[in-house]
Amino acid sequence: MSDACCGSQEESEHQHGDEAQRLWQVRELQLAALAAVLLAVGWIVGGPVGTGLELASAVAGAATFVPGAVRSVLKGRVGVGTLMTIAAIGAVALGQYFEAAMLGVLFSIAEGLEHYAIARTRRGLRALLGLVPPTASVLRDGVEVQVKPDDLVLGDRMVLRPGERAATDGVISSGHTSLDLSAITGESVPVEAGPGATVHAGAINGGGAIEVQVVALASDSSLARVVHLVEEAQDRKGVGQRLADRIARPLVPAIMVLAVLIAGLGAVFGDPMVWLERALVVLVAASPCALAISIPLTVVAAVGAASRQGALVKGGAALEELGRIGAVALDKTGTLTRNHPRVMEVVPVQGVSRDEVLSAAAALEARSEHPLAKAILDAVPGYQAAEDVTAIPGHGLTSAAGLRLGKPGWIDPGALADDVTRLQTAGATVVLVENDTLLGAIAVRDDLRDEAPQVVKSLRDLGIEPAMLTGDNNRTATALATKAGISVVHAELLPEDKASLVDTMRNGRKVAMVGDGVNDAPALATADVGIAMGAMGTDVAIETADVALMGEDLRHLPQVLAHAKHARRVMVQNVGLSLAIITVLIPLAAFGVLGLATVVFVHELAEVLVILNAIRAAKGTPLPGGAVVAAPAVPQTISLSLTPAKADGPGCCDNC
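Counting in UniProt numbering, the sequence shown runs from 1 upward without gaps.
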């Protein structure tokens, strides 16, 4: 059994957690500095004292990896640390103290930089929790007291004064205010909020004093949940990471066998000491440490950076697939549109009033949480819910009393056919209401997002072809798609039809589906990458999708796609460089062209280059043309959405 990495995962996590370390506080770098000083002084002094200092330098440098390597061997694991330990001991045994010390110094520097880079990336994520205040004001028994966020309980009433942050998620019970969400969503304009409005952890009260009823413990708040999910995502392996593992794991014992063969055959045909030294050099030259860390470090950096750009990427596999995307299927309602539909017109048949049409529709929609249902309910001052309402997927709703609401075609528009056509051409979704006979038509429109045309253009600039998939009618879908600049439109689809179309869209390409994570579940599952839009408000969307766009700004979509393509290029570069170094160094070391000191320097330099290149994946990636989504106002924060995704309830006609 072998461990490709330089130390065990358990040891690494134990010794190098997410503490706020500075570069000079990293243990490996401290020992590397000590070893370097001892080596320099020993080289200057020379003689027996200099030799002793070089030997002390070798011991100081080896202290960073030898103990872990010994523990791994005792557990039956052989890794890169084992190779370095053998090489260091062999160099000392051969009297090459300077070379042994160089190995320890450079290997310790590479190890320290690796751990620092990983810890730094994770600290950026943990900084999210800094948005939560150290104390919260709570009303208990009519008295206002200060408590720690962890001491809050469900039902507590927090008092938020102007300028204060919410310690956890809650619902406003009294007062009106404007919420500053700049540290959460990056939005510069405050959001007006009153009783019943949701307040997420980290939101700043920008107006009057309000009382907020606690609906989630601090440990289960939206911020804490997302931090936990991203940390889990960073540990998930992608195809490239598994490939690096598959190469590195068998490579370690193979290198040891090669070194033994070189030493053995060399002893038969030449000077045993010369070939033993070359065998030790080969151990170092072929060490796959750079290969082993190339993908994991890139994934950790890229996933953390994506979260700060408003996207939760569920690990290396999703990141790599995202970097290969060639086509994107976009849901209409809530993705391309604002997800705030409104009733724009009601057309009753002769002899029926506008209020009668709306009341009948509201009776059916009373128990539905579909966005179009909410639009109808908001337009009706009072209604009585119908009994025994049944949803017909892809068509509409019906009650036991014979009341029906649904899309044209499922219900005959009759005399309203021309009005239906007119409204659909204007980009509205039309539903018909009947009670034995047709009562009227209701036009609901969810306006196109302002940024949608820019997003479509950005996708094309990335070489990604967008398409619209919707259950709405063809006229409405085409009208909206034309405004957005989308030429490929698939309308009047049932949920299973969307899944089938995702398959046909592939044509040798990787396809992503962007939806709400609930109603579009079949298509999200069928696509190579499922992307949930506006996922902050629902656990379902975050858990089921491969990628979740946390905010309501659609520009995060091309941003995360561009970022994933960049991260994948970094992965390929790192793997290529790691394999190239090993391929070049092994023969040069085996035939004595390069000595131990030179090989150690080149090998560890390559590892440092891989680490530095992987860190590039943590940088924001501008869209083609230089556009970039605005970053949050507070450094190292994540973009979150305060608008729930569409609920998993029966819709008026599942038009989205």
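All residues carry an ideal CB built from backbone N, CA and C; glycine is no exception.
Cutoff 7 angstroms; reference residue i; Cβ partners in own chain excluding five residues on either side
i           : result
residue 387 : 399, 400
residue 145 : 138
residue 97  : 51, 54, 55, 58
residue 435 : 360, 402, 403
residue 250 : none
residue 629 : The predicted model places residue 629 with a pLDDT of 47, which falls under 50 and marks its position as unreliable; any figure quoted below should be read in that light. Only 309, 310, 553, 555, 556, 559 meet the Cβ criterion.
residue 319 : 238, 299, 302, 303, 313, 564, 567
When the options are compared against residue i, the one with the closest alpha-carbon
i           : options            : result
residue 440 : 383, 367, 358      : 358
residue 288 : 617, 600, 612      : 600
residue 486 : 493, 429, 469, 500 : 469
residue 136 : 286, 148, 143      : 148
residue 255 : 308, 525, 382, 582 : 582
residue 424 : 574, 478, 459      : 478
residue 116 : 26, 286, 389       : 26
residue 162 : 68, 209, 173       : 209
residue 211 : 81, 167, 261       : 167
residue 592 : 206, 277, 68       : 277
residue 199 : 259, 132, 585      : 132
residue 31  : 384, 107, 520, 41  : 107
residue 431 : 376, 333, 69, 334  : 376
residue 204 : 170, 361, 585, 224 : 170
residue 475 : 89, 449, 427       : 427
residue 384 : 405, 397, 488, 362 : 362
residue 612 : 584, 590, 577      : 577
residue 604 : 284, 559, 422      : 284
residue 304 : 381, 414, 560      : 560
residue 151 : 297, 545, 219      : 219
residue 393 : 319, 422, 471      : 471
residue 549 : 306, 499, 160, 606 : 306
residue 175 : 525, 461, 207      : 207
residue 293 : 505, 572, 347      : 572
Integer Cβ distance of residue i from residue j, believed to fall under 8 angstroms
i           : j           : result
residue 328 : residue 512 : 5 angstroms
residue 574 : residue 608 : At roughly 12 angstroms, the Cβ-Cβ gap does not stay under 8 angstroms, so residue 574 and residue 608 are not in contact.
residue 342 : residue 444 : 7 angstroms
residue 442 : residue 433 : 7 angstroms
residue 490 : residue 501 : 5 angstroms
residue 331 : residue 516 : 7 angstroms
residue 406 : residue 397 : 7 angstroms
residue 112 : residue 28  : 3 angstroms
heavy atom of the ligand GTP below 6 angstroms from residue i C-beta
i           : result
residue 137 : Absent from the structure shown: the ligand GTP. Ligands present: none.
Residues bridged to residue i [DSSP beta-bridge criterion]
i           : result
residue 179 : 191, 205
residue 330 : 468, 514
residue 443 : 345, 430
residue 489 : 468
residue 524 : DSSP lists no partner for residue 524.
residue 547 : 313, 531
residue 408 : 411
residue 146 : 137
residue 390 : 398
Beta-carbon gap between residue i and residue j smaller than 7 angstroms
i           : j           : result
residue 514 : residue 533 : yes
residue 473 : residue 492 : yes
residue 193 : residue 177 : yes
residue 281 : residue 259 : no
residue 661 : residue 618 : Outside the shown range of the chain (1 to 656) lies residue 661, about which nothing can therefore be said.
residue 337 : residue 448 : yes
residue 325 : residue 531 : no
residue 590 : residue 295 : no
residue 101 : residue 297 : no
residue 88  : residue 74  : no
residue 509 : residue 570 : no
residue 409 : residue 438 : no
residue 36  : residue 105 : yes
Beta-carbon contacts of residue i that lie in its chain and below 6 angstroms, excluding the five residues immediately before and after
i           : result
residue 322 : 529, 564
residue 34  : 60
residue 495 : 522
residue 196 : none
residue 453 : 484, 485
residue 99  : 91, 596, 597
residue 140 : none
residue 69  : 81, 82, 85
residue 498 : 469, 523
residue 42  : 50, 53, 54
residue 467 : 329, 488
residue 606 : 290, 581
Residues near residue i in its chain [Cβ-Cβ closer than 8 angstroms; skip 5 each side]
i           : result
residue 153 : 214, 217
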